[in-house]
Amino acid sequence: MRNESKASRVFDVFNYSFLLFLCLTWLYPVFYVVSLSLSSPAPIITGRVTFYPIGFTTDAYHHIFRDSSIINALLFTVQLTVLGTVCSLAVISLAAYPLTRKQLKGSGLIMRIIVFTMYFSGGMIPTYMVVRGLGLFNSVWALIFPVLVDTFLLIIMISFFRNLPYELEESAKVDGASNFTVFLRIFVPISTAIFATLTVFLSVNYWNTFFNALLYIQDPRKLTLQVKLYQVLNMFSDAMHDAAGVSMDVIPENVRGAVIVVAVLPIMVVYPFMQKYFIKGATIGAIKG
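In structure tokens, the structure reads:
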């Protein structure tokens, strides 16, 4: 017993040490990027910036937000994220619920067609032609409709709904409830975990919209935050190149760090509040009984 106890303690020490090492490995890039964005140019050039800022300054953030169009891009991206997440959740849940009902004929064939889209998509050019044909250019819907339904997330929700007790639906229908009433009044309230899980996935996807915005948005008032920050970084790099030898308060490393922080900070703030639902929703669909 003593040997087992000693071996267990040795294992715990090794396990915790290894996990601590992994945590530091994953956290170091975060601290490094934040430190770059808040450090003065000289320590960055000499390579002295590691875990904490040296020569603390917020000039990089002042440079980014000096242009009011950054705020417009931020507000547009928030609108896109909220609207896109709500629409995707509605469509995915309304598609997943009937596919788990026994009375739906041909559900197996429909599932095969849905899975087929995971391997073969319409392609960039056909999708571009469809968006142009529908007159969606320079609108928020051009960034929502092409990615409205994520097949992987749809399958996750189908798996979750299949594990819910079928007796709930039967008892509700005995009382005269319709299919939509059963879905809205019974299944949605008890599916908070899976909705929260999909909300995390979808909100991150919409928040990071970049390539589709380059394709479908030409109005400078409707650029996503990722595209606008990319433009700011490029313009700053060009200005640095044209002003070679001129002393500046910030350097490209400062701006890159600030751009990364601005792009990921909102998601990092929201995620801790969704974490418990995310973990529950990511595992509950795989457990029966």
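Each residue of the sequence shown is one higher than the one before, starting from 13 at the first, in the working numbering. Every residue, glycine too, gets a C-beta built ideally from N, C-alpha and C. Remember, predicted model here, so these are calculated numbers, not experimental data.
Residue interval of the alpha helix (DSSP H) (run including residue i)
{"i": "residue 153", "result": "Careful: residue 153 lies outside any alpha helix (DSSP H) and carries neither H nor E."}
{"i": "residue 214", "result": "204-219"}
{"i": "residue 144", "result": "136-145"}
{"i": "residue 161", "result": "From DSSP, residue 161 is part of no alpha helix (DSSP H); its letter is neither H nor E."}
{"i": "residue 64", "result": "From DSSP, residue 64 is part of no alpha helix (DSSP H); its letter is neither H nor E."}
{"i": "residue 108", "result": "81-111"}
{"i": "residue 77", "result": "71-77"}
With 16 other Cβ atoms within 10 Å as the buried cut-off, status of residue i
{"i": "residue 29", "result": "exposed"}
{"i": "residue 83", "result": "exposed"}
{"i": "residue 208", "result": "buried"}
{"i": "residue 199", "result": "buried"}
{"i": "residue 138", "result": "exposed"}
{"i": "residue 115", "result": "exposed"}
{"i": "residue 234", "result": "buried"}
{"i": "residue 61", "result": "buried"}
{"i": "residue 158", "result": "buried"}
{"i": "residue 102", "result": "exposed"}
{"i": "residue 205", "result": "buried"}
Nearest candidate by alpha-carbon position, reference residue i, set the options
{"i": "residue 144", "options": "242, 230 and 44", "result": "230"}
{"i": "residue 63", "options": "40, 162 and 49", "result": "40"}
{"i": "residue 128", "options": "93, 162, 239 and 158", "result": "162"}
{"i": "residue 81", "options": "232, 133 and 248", "result": "232"}
{"i": "residue 109", "options": "78, 168 and 79", "result": "168"}
{"i": "residue 245", "options": "270, 95, 174 and 195", "result": "270"}
{"i": "residue 104", "options": "93, 74 and 164", "result": "164"}
{"i": "residue 219", "options": "197, 262 and 85", "result": "85"}
{"i": "residue 79", "options": "263, 247, 57 and 23", "result": "247"}
Residue i, DSSP secondary structure in three states
{"i": "residue 175", "result": "coil"}
{"i": "residue 238", "result": "helix"}
{"i": "residue 271", "result": "helix"}
{"i": "residue 277", "result": "helix"}
{"i": "residue 21", "result": "helix"}
{"i": "residue 122", "result": "helix"}
{"i": "residue 225", "result": "helix"}
{"i": "residue 132", "result": "coil"}
{"i": "residue 37", "result": "helix"}
{"i": "residue 192", "result": "helix"}
{"i": "residue 57", "result": "helix"}
{"i": "residue 259", "result": "Low local confidence applies: a pLDDT of 44 at residue 259 is under 50, so the model's placement there is unreliable, and no value is given."}
{"i": "residue 117", "result": "coil"}
Assumed close pair residue i, residue j - CB separation to whole angstroms, cut-off 8 angstroms
{"i": "residue 54", "j": "residue 266", "result": "At roughly 11 angstroms, the Cβ-Cβ gap does not stay under 8 angstroms, so residue 54 and residue 266 are not in contact."}
{"i": "residue 46", "j": "residue 273", "result": "6 angstroms"}
{"i": "residue 211", "j": "residue 97", "result": "6 angstroms"}
{"i": "residue 67", "j": "residue 51", "result": "6 angstroms"}
{"i": "residue 106", "j": "residue 119", "result": "With a Cβ gap of about 15 angstroms, residue 106 and residue 119 do not count as contacting."}
{"i": "residue 149", "j": "residue 242", "result": "Not a contact, Cβ separation roughly 20 angstroms."}
Beta carbon proximity, residue i to chain D, threshold 8 angstroms
{"i": "residue 45", "result": "No chain D appears in this structure, which consists of one protein chain only."}
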